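What follows is one structure encoded as structure tokens, with my remarks underneath.
Protein chains: 2
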Amino acid sequence: MTREFPPDSVGLVERQYFTFATDEPMPLDSGEKLGPITLAYETYGQLNEDRSNAILILHALSGDAHAAGYHSPEDTKPGWWDDCIGPGKAFDTRRYFVVCSNVIGGCQGSTGPSSINPATGRPYGLSFPVITIGDMVRAQRYLIDHLGIEKLLAVAGGSMGGMQALQWAVSYPERVRSVLALATTARHSPMLIAFSEVGRQAIYADPNWNRGDYYDGPRPNAGLALARMIGHITYLSEESMHQKFGRRLQNRERYGFEFDTEFAVEGYLKHKGTQFTNRFDANSYLYITKALDYFDLANGYGSLANAFAKSAHIMYLVVSFTSDWLYPPYHSKEIVSALTAVGADVTYCNLKSTWGHDAFLLEVETMTKLIADFLDRVVAEHKIALPKRK
Amino acid sequence: MTREFPPDSVGLVERQYFTFATDEPMPLDSGEKLGPITLAYETYGQLNEDRSNAILILHALSGDAHAAGYHSPEDTKPGWWDDCIGPGKAFDTRRYFVVCSNVIGGCQGSTGPSSINPATGRPYGLSFPVITIGDMVRAQRYLIDHLGIEKLLAVAGGSMGGMQALQWAVSYPERVRSVLALATTARHSPMLIAFSEVGRQAIYADPNWNRGDYYDGPRPNAGLALARMIGHITYLSEESMHQKFGRRLQNRERYGFEFDTEFAVEGYLKHKGTQFTNRFDANSYLYITKALDYFDLANGYGSLANAFAKSAHIMYLVVSFTSDWLYPPYHSKEIVSALTAVGADVTYCNLKSTWGHDAFLLEVETMTKLIADFLDRVVAEHKIALPKRK
Numbered sequence: 006m007t008r009e010f011p012p013d014s015v016g017l018v019e020r021q022y023f024t025f026a027t028d029e030p031m032p033l034d035s036g037e038k039l040g041p042i043t044l045a046y047e048t049y050g051q052l053n054e055d056r057s058n059a060i061l062i063l064h065a066l067s068g069d070a071h072a073a074g075y076h077s078p079e080d081t082k083p084g085w086w087d088d089c090i091g092p093g094k095a096f097d098t099r100r101y102f103v104v105c106s107n108v109i110g111g112c113q114g115s116t117g118p119s120s121i122n123p124a125t126g127r128p129y130g131l132s133f134p135v136i137t138i139g140d141m142v143r144a145q146r147y148l149i150d151h152l153g154i155e156k157l158l159a160v161a162g163g164s165m166g167g168m169q170a171l172q173w174a175v176s177y178p179e180r181v182r183s184v185l186a187l188a189t190t191a192r193h194s195p196m197l198i199a200f201s202e203v204g205r206q207a208i209y210a211d212p213n214w215n216r217g218d219y220y221d222g223p224r225p226n227a228g229l230a231l232a233r234m235i236g237h238i239t240y241l242s243e244e245s246m247h248q249k250f251g252r253r254l255q256n257r258e259r260y261g262f263e264f265d266t267e268f269a270v271e272g273y274l275k276h277k278g279t280q281f282t283n284r285f286d287a288n289s290y291l292y293i294t295k296a297l298d299y300f301d302l303a304n305g306y307g308s309l310a311n312a313f314a315k316s317a318h319i320m321y322l323v324v325s326f327t328s329d330w331l332y333p334p335y336h337s338k339e340i341v342s343a344l345t346a347v348g349a350d351v352t353y354c355n356l357k358s359t360w361g362h363d364a365f366l367l368e369v370e371t372m373t374k375l376i377a378d379f380l381d382r383v384v385a386e387h388k389i390a391l392p393k394r395k
Numbered sequence: 006m007t008r009e010f011p012p013d014s015v016g017l018v019e020r021q022y023f024t025f026a027t028d029e030p031m032p033l034d035s036g037e038k039l040g041p042i043t044l045a046y047e048t049y050g051q052l053n054e055d056r057s058n059a060i061l062i063l064h065a066l067s068g069d070a071h072a073a074g075y076h077s078p079e080d081t082k083p084g085w086w087d088d089c090i091g092p093g094k095a096f097d098t099r100r101y102f103v104v105c106s107n108v109i110g111g112c113q114g115s116t117g118p119s120s121i122n123p124a125t126g127r128p129y130g131l132s133f134p135v136i137t138i139g140d141m142v143r144a145q146r147y148l149i150d151h152l153g154i155e156k157l158l159a160v161a162g163g164s165m166g167g168m169q170a171l172q173w174a175v176s177y178p179e180r181v182r183s184v185l186a187l188a189t190t191a192r193h194s195p196m197l198i199a200f201s202e203v204g205r206q207a208i209y210a211d212p213n214w215n216r217g218d219y220y221d222g223p224r225p226n227a228g229l230a231l232a233r234m235i236g237h238i239t240y241l242s243e244e245s246m247h248q249k250f251g252r253r254l255q256n257r258e259r260y261g262f263e264f265d266t267e268f269a270v271e272g273y274l275k276h277k278g279t280q281f282t283n284r285f286d287a288n289s290y291l292y293i294t295k296a297l298d299y300f301d302l303a304n305g306y307g308s309l310a311n312a313f314a315k316s317a318h319i320m321y322l323v324v325s326f327t328s329d330w331l332y333p334p335y336h337s338k339e340i341v342s343a344l345t346a347v348g349a350d351v352t353y354c355n356l357k358s359t360w361g362h363d364a365f366l367l368e369v370e371t372m373t374k375l376i377a378d379f380l381d382r383v384v385a386e387h388k389i390a391l392p393k394r395k
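Read top to bottom, the protein sequences are chains A and B. First residue of the first sequence? That's 6 in this note's numbering, and the numbers climb one at a time after it. First residue of the second sequence? That's 6 in this note's numbering, and the numbers climb one at a time after it.
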């Protein structure tokens with residue numbers, strides 16, 4: 006079967022795997038060790054001769070390594086950030102070598118709680134160690150070493166991806182030329198922790214969860230779907246919900262006075278919840294939300310500015326969205342304030358959008374301009390030799 | 006045992022019951038009928054001679070008839086709006102006769118899904134008819150008739166209580182002199198419906214729920230607690246959560262790297278969730294949230310202003326709170342706009358508060374002044390003969 010992909014698509018791509026920490030396990034922030042570790046990753050575009058045009062894309066809670074293109078000609082949907090990665094797009098694959106890997110703790114090819122624990126021959130389940138954003142980034146550094154990249158031109162992500170990008174700046178400042186942190190925070194707020202926790206409680210409450218030991222039996226899909234529904238509300242804004250659904254009824258003309266799905270917004274959430282269980286592991290949801298909750302860049306540094314003290318040479322693009330109430334603009338402003346305090350080169354933009362937190366995936370046109378221009382500036386600043394734009 | 010109650014308390018109060026619709030069941034908005042119906046209610050203060058000083062207080066989702074005072078000398082906590090009801094308080098019981106009843110569908114003495122269905126001798130469960138805010142108000146009218154009150158001086162409530170107050174104005178405009186609608190809306194938005202639905206899904210997913218037929222066995226407490234936890238997040242604001250909890254850990258110095266309760270905000274939510282199951286029925290939670298979701302005052306009128314067309318003679322006090330993201334100020338402004346369009350006497354105040362939706366229970370000082378002054382104006386306007394303030 007042949008298929009014409011759009012001309013600005015990276016086309017067919019393959020998931021690759023890199024296994025490391027086989028002899029020497031990787032230390033974790035908890036004090037535990039993990040190994041061997043496999044990272045699933047994808048790459049788009051070509052690495053230039055001096056390996057200076059690499060951009061690491063970091064995914065959000067439910068994302069994976071498949072950021073762009075198609076795995077097979079039959080695929081109806083491309084990768085999760087295909088709108089922004091490809092020839093002529095924000096992350097222009099004619100110019101940049103783009104890498105995206107699934108986080109550890111995940112369930113899309115990287116080592117996580119659903120992986121087989123080599124010590125027991127059975128899935129880790131809750132015996133998988135609790136990980137942090139710092140640990141995710143530590144594992145990515147092994148991959149970047151493996152790819153022979155000394156300095157990343159950029160690390161970029163939205164939401165949890167933005168946290169990883171900021172963590173790169175703090176953990177490995179000498180390995181990063183620029184950071185793009187979109188719709189994110191330097192510290193999970195109590196409201197974010199609260200939403201994480203109710204999502205986890207929904208999973209714990211599912212009798213199929215069985216304290217994480219469910220891989221031989223039925224899965225805790227009801228709990229996971231509910232956690233996803235709760236999450237989904239927080240990714241939208243009141244205004245986008247008005248635009249998308251209003252009080253419209255689903256497949257009916259009038260109130261049914263019963264407990265079936267009646268409103269379109271209910272149907273949408275249920276669909277999203279169920280759909281999620283086809284591609285996501287409940288234990289991964291627990292581990293990744295826990296990593297989010299632990300995220301507090303200033304922790305151990307006294308202040309956020311102190312945390313960035315060795316990262317002042319990096320160039321930053323920080324973007325927030327006016328209707329994002331999960332990571333509201335003032336979270337970004339705190340980051341900008343700390344970065345300017347250490348004298349870093351910071352571009353900050355609070356984009357007007359009605360799309361809530363999801364805006365970082367949806368406001369493609371504005372973001373393309375913003376990201377492409379910023380990367381141009383990084384390239385110029387560091388005199389990176391790139392192929393000319395076609 | 007004797008106990009000194011605070012001098013501004015209504016002191017010991019008793020729950021009373023009124024049963025009606027015994028011969029002739031009450032029609033419901035769904036087209037079904039319900040009867041007999043019992044309403045649990047309480048009263049504070051004295052009805053004056055011409056029965057013109059009665060104020061009906063309407064409770065929110067999880068409230069009940071016990072709005073003020075104490076049921077026994079051992080009670081550690083007074084009724085839910087005790088801060089605003091009592092001698093010298095916003096609803097001054099030296100001047101006004103205050104009535105509060107538990108809504109139908111509830112579980113604190115009024116007829117609801119946990120009540121015995123006289124036709125079967127067993128609890129209604131899901132055979133209880135789906136009710137609306139309109140039905141709640143219709144039942145209250147029977148109670149007001151029973152108390153011999155021709156015109157209520159005021160109907161007042163916050164959140165769902167505010168919806169009932171507005172519904173009184175639309176359903177029985179000739180029975181109401183003034184409406185106090187606090188932190189409320191004229192129409193449940195899709196985001197509110199979404200939060201309702203995830204709360205219901207949490208209950209449905211509890212195996213003990215058993216399609217509502219659980220009164221002989223274990224209760225769906227895990228599901229109900231989770232629904233309450235979700236709700237609780239929406240009653241707070243990001244700022245109030247920062248103030249109350251921040252990222253403080255509970256009973257520990259450092260991260261445990263495990264899935265126990267670690268952050269204070271998690272402990273608080275779990276406590277609130279568990280506590281709720283001691284006093285609330287899961288089926289009532291389903292029925293009342295469904296009533297909320299159906300609430301749309303303009304429905305059937307073409308516009309909100311049309312809905313208020315016969316209610317223009319009523320005096321209104323509408324209050325919103327700046328940090329209330331569940332019923333944000335613009336919801337109140339829509340009400341004010343419709344009311345001014347029909348020429349009603351409207352006082353509107355958007356109170357600055359960091360407490361989120363809960364502000365209507367917490368901003369006592371400002372509200373006391375606002376409510377007391379408004380009621381004074383209603384009393385003056387209608388030349389109500391009240392006992393002099395002591």
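C-beta atoms are modelled at their ideal positions from N, C-alpha and C, and glycine is treated no differently. The structure presented is a predicted model; accordingly, all values stated were derived computationally and were not measured.
Inter-residue Cα distance where the pair is residue i and residue j
i, j, result
"B:Ala45", "B:Ile109", "9 angstroms"
"A:Thr24", "A:His64", "20 angstroms"
"A:Ser14", "A:Pro83", "9 angstroms"
"B:Gly228", "B:Ser57", "44 angstroms"
"A:Phe200", "A:Gly236", "7 angstroms"
"A:Lys388", "A:Leu158", "11 angstroms"
"B:Val347", "B:Cys112", "38 angstroms"
"A:Glu271", "A:Leu391", "49 angstroms"
"B:Arg127", "B:Ser358", "46 angstroms"
"B:Ser120", "B:Thr43", "10 angstroms"
"A:Arg146", "A:Asn283", "30 angstroms"
"A:Pro41", "A:Lys315", "31 angstroms"
"A:Asn226", "A:Asp265", "19 angstroms"
Three-state class that DSSP yields for residue i in the structure shown
i, result
"A:Ala72", "coil"
"B:Tyr240", "helix"
"B:Lys82", "coil"
"B:Lys156", "coil"
"A:Ala170", "helix"
"B:Ile235", "helix"
"B:Ala124", "coil"
"B:Tyr273", "helix"
"B:Phe200", "helix"
"B:Ser358", "coil"
"B:Ile389", "coil"
"A:Ile208", "helix"
"B:Ser325", "strand"
"A:Val18", "coil"
"B:Gly222", "coil"
Beta-carbon gap between residue i and residue j smaller than 8 angstroms
i, j, result
"B:Ala287", "B:Phe313", "no"
"A:Val324", "A:Leu375", "yes"
"A:Arg253", "A:Glu267", "no"
"A:His193", "A:Asp363", "no"
"A:Ile62", "A:Val18", "no"
"A:Met234", "B:Val203", "yes"
Rounded distance between the beta-carbons of residue j and residue i, thought under 8 angstroms
i, j, result
"B:Phe285", "B:Ser67", "6 angstroms"
"B:Val135", "B:Lys295", "6 angstroms"
"B:Pro178", "B:Ile319", "6 angstroms"
"A:Asp88", "A:Val341", "No, A:Asp88 and A:Val341 are not in contact; Cβ-Cβ is about 25 angstroms, not under 8 angstroms."
"A:Asp298", "A:Ile208", "No, A:Asp298 and A:Ile208 are not in contact; Cβ-Cβ is about 14 angstroms, not under 8 angstroms."
"A:Ala70", "A:Asn107", "4 angstroms"
When you compare the region 373-383 of chain A with the region 42-58 of chain B, are there three or more beta-carbon pairs, one atom per stretch, that lie closer than 8 angstroms? Because the criterion of three Cβ pairs below 8 angstroms is not met, the region 373-383 of chain A and the region 42-58 of chain B do not touch.
| query | Would you call the region 134-142 of chain A and the region 172-190 of chain A in contact, with 3 or more CB pairs under 8 angstroms? | reply | The answer is yes - the region 172-190 of chain A touches the region 134-142 of chain A, with three or more Cβ pairs under 8 angstroms.
Open item on the list: For the region 275-285 of chain B against the region 298-311 of chain B, do three or more pairs of beta-carbon atoms, one drawn from each stretch, fall closer than 8 angstroms, so that the two count as touching?
Closed with: The region 275-285 of chain B is not in contact with the region 298-311 of chain B.
Under 8 angstroms: do the region 325-335 of chain B and the region 180-192 of chain B share three or more Cβ pairs, one atom per stretch? With a cut-off of 8 angstroms, the region 180-192 of chain B and the region 325-335 of chain B count as touching, because enough Cβ pairs lie within range.
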